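Peer 1:
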Amino acid sequence: MNENKLLEIKNLTIQYKTDNGLVHAVNDLSLSLKKGESLGLVGETGAGKTTTALGIMNLVPDPPGIIIGGEIQFEGSDLLKLSKQNMRKVRGEKISMVFQDPMTSLNPVMTVGKQIAESVRIHETLSRKEAEQRAVDVLEMVGIPGERFNEYPHQFSGGMRQRVVIAIALACRPDLLIADEPTTALDVTIQAQVLDLIANLKKEQQSSLIMITHDLGVVAEVCEKVAIMYAGRLIEYGTLDDIYNHTRHPYSIGLFSSIPSIDGDEERLRPIPGLMPDPINLPKGCSFWPRCNRATENCKRAVPALIESDPDHWVRCIHIDKAGFFEKNAVSKKTDTSRNESITHTKDTDVEIDSSKLEESLASG
Ligand SMILES: Nc1ncnc2c1ncn2[C@@H]1O[C@H](COP(=O)(O)OP(=O)(O)O)[C@@H](O)[C@H]1O
Ligand code: SF4
Ligand SMILES: [Mg+2]
2 MNENKLLEIK
12 NLTIQYKTDN
22 GLVHAVNDLS
32 LSLKKGESLG
42 LVGETGAGKT
52 TTALGIMNLV
62 PDPPGIIIGG
72 EIQFEGSDLL
82 KLSKQNMRKV
92 RGEKISMVFQ
102 DPMTSLNPVM
112 TVGKQIAESV
122 RIHETLSRKE
132 AEQRAVDVLE
142 MVGIPGERFN
152 EYPHQFSGGM
162 RQRVVIAIAL
172 ACRPDLLIAD
182 EPTTALDVTI
192 QAQVLDLIAN
202 LKKEQQSSLI
212 MITHDLGVVA
222 EVCEKVAIMY
232 AGRLIEYGTL
242 DDIYNHTRHP
252 YSIGLFSSIP
262 SIDGDEERLR
272 PIPGLMPDPI
282 NLPKGCSFWP
292 RCNRATENCK
302 RAVPALIESD
312 PDHWVRCIHI
322 DKAGFFEKNA
332 VSKKTDTSRN
342 ESITHTKDTD
352 VEIDSSKLEE
362 SLASG
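Position 135 of the sequence shown, counting from 1, maps to 136 under the numbering used here, and the rest follow consecutively.
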């Protein structure tokens, strides 16, 4: 593995065995992250984001989850092959995760200071006093006065509790922090504070970050790279600039046009029509074809490969050519410009993004 790479996921496939059938949660996912890099993992609910993160943490619940195949290379080892004991060491010490529902990650009958100190002592050989000092330090780092060490979770507001959860995740100075929708349950002001906090801490500790979210505004705030997932597959990957200003995949284009405008005009909040396919019964070929206004019969034949449309900008769509445009012979099923104001059809089949409109939309996200 390239020594600059911290994490490399190769062909990860995870399913859940349920009474209704096999849920294809993560399908042949490959992704890598450099040291110090921050990656936004974006997609609608059910896209497989949390399952991917649980895969990295080796915490996929089994049953019903099954890791069908793949590798997760991290600092020279495949995490999927580590013993339980070694994996426990990696969690907390090397990789920390802020879970989607932080309110349930705290122990209601233990003071927050003790909870932080304990998590440090599990992973590092520090005396009780040293661990307590570390807890005070990280509390202050996340903007909570150290004097509140002896208070219980119920004595903190929602935003403060979220900070405590982040403090626990950071206490062991992980090389990689995975934050799963860390601001979804918070109000807008607190959301901004928590994002600032994560961005600053990332800089100070030089850790890498995977920020899982369905909010493109959050990604713009803290991420350098962006991976967009749909139905358990990576469908577009690139730098923030690639994804925001040179959006290629029809699904990503739809995601951007579903961001509400800055003037709060409800009319412009247009989610992509249709629903994500049932992961027990994924459509043959490109999983997005039932919702894609560019789909042709060819899209239904085989899962499209990821192609590199620009240097290190990858797109999973058979009709995107190397220059990142729709092939001229790709016939749209329907051309619905009315629901996509930020897209201009310059030729019959080419797509150009008006970045000023996107920026305006993003400012509100
Ligand atoms: N414990 C579970 N048992 C069965 N299905 C699950 C379980 N956890 C997640 N899934 C399913 O796996 C798919 C991916 O879920 P998830 O990884 O939570 O997506 P996301 O985080 O993007 O919303 C969804 O269809 C979800 O219903
Ligand atoms: S492969 Fe076809 S259905 Fe899938 S995104 Fe591209 S045009 Fe749409
Ligand atoms: Mg999730």
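Ideal placement from N, C-alpha and C gives every residue a C-beta, glycine not left out.
The structure presented is a predicted model; accordingly, all values stated were derived computationally and were not measured.
Alpha carbon to alpha carbon, how far is V223 from I199?
Peer 2: Between V223 and I199, the C-alpha separation is close to 8 Å.
Peer 1: Extract the residue ranges of the beta strand (DSSP E) inside the region 236 to 324, only unbroken runs of 3 or more that lie entirely within it.
Peer 2: Those beta strand (DSSP E) runs which fall completely within the region 236 to 324 and span 3+ residues are 308 to 311 and 314 to 316.
Peer 1: Taking the beta carbon of N341 as the centre, do at least 16 other beta carbons fall within 10 Å, making it buried, or is it exposed?
Peer 2: Its pLDDT being 36, under 50, N341 is placed unreliably in this model, and the value from its coordinates should be taken loosely. Buried.
Peer 1: How far does the alpha helix (DSSP H) with T53 in it reach, from first residue to last?
Peer 2: Unbroken alpha helix (DSSP H) run through T53: K50 to I57.
Peer 1: So, helix, strand or coil for T46, using DSSP?
Peer 2: T46 falls in the coil class under three-state DSSP.
Peer 1: Mark E309 as exposed unless 16 or more other C-beta atoms lie within 10 angstroms of its C-beta, in which case mark it buried.
Peer 2: Under this definition E309 is an exposed residue.
Peer 1: Tell me whether T105 is buried or exposed, calling it buried when 16 or more other Cβ atoms sit within 10 Å of its Cβ.
Peer 2: When all chains shown are included, T105 counts as exposed.
Peer 1: Closest to V27 by C-alpha separation, out of E72, L40, K36 and N5, would be which residue?
Peer 2: When only C-alpha atoms are compared, the closest one is E72.
Peer 1: Between S31, V91 and L127, which has its C-alpha nearest L177's C-alpha?
Peer 2: That would be V91, whose Cα lies nearest to the Cα of L177.
Peer 1: Would you say W315 touches ligand 2, meaning its beta carbon is less than 7 Å from a heavy atom?
Peer 2: For ligand 2, not one heavy atom lies less than 7 Å from the Cβ of W315.
Peer 1: Here's the rule: buried if 16 or more other CB atoms are within 10 angstroms of the residue's CB, otherwise exposed. What is R129?
Peer 2: Exposed, since its Cβ has fewer than 16 Cβ neighbours within 10 Å.
Peer 1: Enumerated in chain order, which unbroken segments of the alpha helix (DSSP H) with a length of 4 residues or greater are wholly contained in the region 199 to 236?
Peer 2: As far as the region 199 to 236 is concerned, its whole alpha helix (DSSP H) runs of at least 4 residues are 217 to 223.
Peer 1: Would you kindly report the start and end of the unbroken alpha helix (DSSP H) that includes K85?
Peer 2: Note, K85: alpha helix (DSSP H), K85 to E94.
Peer 1: Tell me the start and end of each unbroken alpha helix (DSSP H) in the region 94 to 162 that is at least 4 residues and wholly inside, in chain order.
Peer 2: Within the region 94 to 162, the complete alpha helix (DSSP H) runs of at least 4 residues are 113 to 124 and 129 to 142.
Peer 1: What distance in whole Å lies between the Cβ atoms of K6 and K35, which are believed to be in contact at a cut-off of 8 Å?
Peer 2: Contact holds; Cβ gap of about 6 Å.
Peer 1: With distances taken between CB atoms, is the gap from P64 to K18 smaller than 8 Å?
Peer 2: Yes; because the gap between Cβ atoms is below 8 Å, this pair is in contact.
Peer 1: Check each candidate in L30, R174, I145 and M230 and name the one with the smallest Cα separation from S208.
Peer 2: The option with the nearest alpha carbon to S208 is R174.
Peer 1: Report, in whole angstroms, the separation of the C-beta atoms of G44 and Y231, which I expect to be a contact under 8 Å.
Peer 2: Going by Cβ atoms, the distance from G44 to Y231 rounds to 6 Å, so yes, they are a contact pair.
Peer 1: Could you work out which residue in P280, G275, R302 and K82 is closest to N294 when comparing CA atoms only?
Peer 2: Looking at the Cα atoms, G275 is the closest of the given residues.
Peer 1: Taking the beta carbon of I281 as the centre, do at least 16 other beta carbons fall within 10 Å, making it buried, or is it exposed?
Peer 2: Classification for I281: exposed.
Peer 1: Measuring only the C-alpha atoms, how far is A324 from K226?
Peer 2: Looking at the two C-alpha atoms, the distance is approximately 20 Å.
Peer 1: Compute the distance between the beta-carbons of I68 and L81, then report whether it is under 8 Å.
Peer 2: In this structure, L81 lies closer than 8 Å to I68 by Cβ.
Peer 1: In three-state terms, what does DSSP make of V24?
Peer 2: Looking at V24 - three-state DSSP - the assignment turns out to be strand.
Peer 1: Give a yes or no on whether the C-beta atoms belonging to P109 and Y153 are separated by under 8 Å.
Peer 2: Taking 8 Å as the Cβ cut-off, P109 and Y153 qualify as a contacting pair.
Peer 1: Taking C-alpha atoms, which residue in R122, V220, D102 and L140 lies nearest to L187?
Peer 2: Of the listed residues, the one whose Cα sits closest to L187 is D102.
Peer 1: So L107 packs on R162, CB below 8 Å; how close in whole Å?
Peer 2: About 6 Å separates the two Cβ atoms, so the contact holds.
Peer 1: I'd like to know whether the C-beta atoms of L196 and H25 end up nearer to each other than 8 Å.
Peer 2: Result no, Cβ atoms of L196 and H25 do not sit closer than 8 Å.
Peer 1: So if DSSP puts E9 in a beta bridge, which residue, or which two residues, is it bridged to?
Peer 2: Answer by DSSP bridge pairing, in chain order: S33 and Q74.
Peer 1: Which class does D63 belong to by DSSP, given the choice of helix, strand or coil?
Peer 2: Reduced to three states, the DSSP call for D63 is coil.
Peer 1: Three-state secondary structure (DSSP) at A180?
Peer 2: Here A180 sits in strand by DSSP.
Peer 1: Determine the closest residue to Y245 out of I229, G233, Q194 and L235, with distance taken between C-alpha atoms.
Peer 2: Ranking the options by Cα distance to Y245, first place goes to I229.
Peer 1: Tell me whether R135 is buried or exposed, calling it buried when 16 or more other Cβ atoms sit within 10 Å of its Cβ.
Peer 2: Label assigned to R135: buried.
Peer 1: Which of the three DSSP states is assigned to T19 in this structure?
Peer 2: Here T19 sits in strand by DSSP.
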